[in-house]
Amino acid sequence: MIINDVIKKIVFIENSLKKGDYLFVWNGIKKRIKSENIAFGLKRDLSEETIPPRSLISLSIRPYQISDGKYFLLDKNNYGLIEKNISTCYVAITNDGEPCFRQWLIDSSQNPKIYKFWGDSFPMLKNDEALLENAYTIPKNRGFGIMATATHLISEKGKEQGVKHIITFVDKKNVSALRSIVYSGYKPYTLRKEKWFLFIKKVSFEEIPDELAIFLNKFVFMKNTGSLVSNNAINPYKSRQKVSG
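Residues in the sequence shown are numbered from 13 upward in steps of one, following my numbering.
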């Protein structure tokens with residue numbers, strides 16, 4: 013099985029090079045030689061009511077179908093995830109019936125598959141938890157506020173699965189995605205540091221430090237940090253930072 017996975021990755025890289033995607037391949041290699049990535053972990057409590065964000069396009073949600081694949085050919089970062097049969101992938105559909113967004117909502121029964129695909133990049137899910145991961149908006153549909161609305165609708169599906177809490181992780185550099193996740197009802201609760209050196213990955217989960225809490229307040233929550241006097245106001249996330257698993 014491991015050999016098959018390696019062969020598939022080699023074929024994928026070979027095909028990417030044939031298509032001229034040299035930068036994509038190089039960035040993947042460079043990342044694994046030496047890099048450090050910081051991501052915020054965010055959590056939503058499904059028992060708390062949230063105001064549904066509104067996109068500029070009307071959306072509906074349904075499970076992913078094999079025929080949807082042709083709409084997501086440019087989503088190279090998620091290559092192979094469909095083939096792993098990790099449940100459940102959802103797509104957002106526009107009024108004309110075309111998929112415009114996809115995202116996975118994965119419950120704790122999928123823990124072994126999560127670890128096999130991502131390693132220790134995520135905490136082990138508890139029985140009442142789910143992981144929201146790998147959001148992708150089709151390029152022509154970007155700029156319409158789709159991610160926040162679709163994420164909210166997909167998260168609501170967790171209630172049907174008996175899920176109480178959903179966690180997700182967003183790169184610190186992706187401020188627009190962080191805002192979308194927050195708009196859909198998620199709150200920061202931990203920090204993930206992912207380090208690569210010579211193709212070996214190390215992952216740690218830590219408290220959100222004050223300087224990054226200020227970053228969140230200023231750029232994600234759009235608060236005037238100068239008016240936040242107490243340490244609690246600057247960093248209200250410390251009380252939430254018990255990592256799942």
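Glycine is no exception: its CB is placed at the ideal position from the N, C-alpha and C atoms.
These figures come from a predicted structure and were not determined experimentally.
Is the stretch 167 to 181 close to the stretch 219 to 238, with three or more CB pairs under 8 Å? Segments in contact, no.
Since Leu210 is in the alpha helix (DSSP H), which residue starts that stretch and which ends it? For the purposes of this step, residue 210 is taken as the residue at position 198 of the sequence shown. Taken as a continuous stretch (DSSP letters only), Leu210 belongs to no alpha helix (DSSP H), as it is neither H nor E.
One question on the structure: do Val103 and Asp119 come within less than 9 Å of each other, judged by their Cβ atoms? To locate residue 103, count along the sequence shown from 1; it is residue 91. To locate residue 119, count along the sequence shown from 1; it is residue 107. Remark: C-beta atoms of Val103 and Asp119 do not approach each other more closely than 9 Å.
Any chance you could list the alpha helix (DSSP H) runs of at least 4 consecutive residues sitting entirely within the stretch 106 to 187, in chain order? Complete alpha helix (DSSP H) runs here, min 4: 123 to 130 and 158 to 168.
Less than 9 Å between the beta carbons of Ala162 and Ala189, yes or no? Counting from 1 along the sequence shown, the entry for residue 162 is found at position 150. Counting from 1 along the sequence shown, the entry for residue 189 is found at position 177. For Ala162 and Ala189, no; Cβs fall outside 9 Å.
Would you decide whether Ser242 is buried or exposed? Buried here means 16 or more other CB atoms lie within 10 Å of its CB. Position 230 of the sequence shown holds residue 242. With a pLDDT of only 43 at Ser242, under the threshold of 50, the placement of this residue in the model should not be trusted, and no figure is reported.
Going by DSSP in three states, Tyr195 sits in which element: helix, strand or coil? The sequence position of residue 195 within the sequence shown is 183, counting from 1. Here DSSP, grouped into helix, strand and coil, assigns Tyr195 to helix.
Residues near Tyr76 by beta carbon distance below 7 Å, same chain, minus five either side: Mapped onto the sequence shown, residue 76 falls at position 64. Within the same chain, Tyr76 has close Cβ partners Cys101, Tyr102, Val103 and Arg114.
Taking the alpha helix (DSSP H) that Phe227 falls in, what are its first and last residues? To locate residue 227, count along the sequence shown from 1; it is residue 215. Element bounds for Phe227: Asp222 to Phe227.
May I have the straight-line CA-CA distance separating Lys55 from Phe217, to the nearest angstrom? In the sequence shown, counting from the first residue as 1, residue 55 sits at position 43. In the sequence shown, counting from the first residue as 1, residue 217 sits at position 205. Approximately 14 Å between the Cα atoms of the pair.
In the structure shown, what three-state DSSP assignment does Phe52 receive? The count along the sequence shown starts at 1 and reaches residue 52 at position 40. In this structure, Phe52 counts as strand in the three-state DSSP scheme.
Measuring CB to CB, does Ser99 end up less than 9 Å from Ser121? Indexing the sequence shown from 1 puts residue 99 at position 87. Indexing the sequence shown from 1 puts residue 121 at position 109. Taking a C-beta distance under 9 Å as the contact criterion, Ser99 and Ser121 qualify as a contact pair.
Could you give the first and the last residue of the continuous beta strand (DSSP E) run that contains Ile63? In the sequence shown, residue 63 corresponds to position 51, counting from 1. That residue, Ile63, is in no beta strand (DSSP E); it is neither H nor E in DSSP.
I need the DSSP call for Ile98, collapsed to helix, strand or coil. Here the question's residue 98 lines up with position 86 in the sequence shown. Correct three-state label for Ile98: coil.
Let me know the secondary structure DSSP gives Phe84 once reduced to three states. As a first step, residue 84 must be located in the sequence shown, where it is residue number 72. Phe84 sits in a helix when the DSSP states are folded into three classes.
Could you tell me which residues DSSP pairs with Arg44 in its beta bridges? What you label residue 44 is simply residue 32 of the sequence shown in a count that begins at 1. DSSP lists no partner for Arg44.
Shortest alpha-carbon distance to Pro151 belongs to which of Pro111, Lys138, Lys169 and Phe134? The residue you call residue 151 lines up with position 139 of the sequence shown. Put simply, of Pro111, Lys138, Lys169 and Phe134 the residue whose alpha carbon is nearest the alpha carbon of Pro151 is Pro111.
Once the 5 residues before and after Phe156 are set aside, which same chain residues still bring their CB inside 6 Å of it? Position 144 of the sequence shown, counted from the first residue, corresponds to residue 156. Contacts found: Ser67, Leu68 and Ile69.
Looking only at C-alpha atoms, which of Thr202, Ile212 and Lys213 sits nearest to Asp222? Mapped onto the sequence shown, residue 222 falls at position 210. Ranking Thr202, Ile212 and Lys213 by Cα distance to Asp222 puts Thr202 first.
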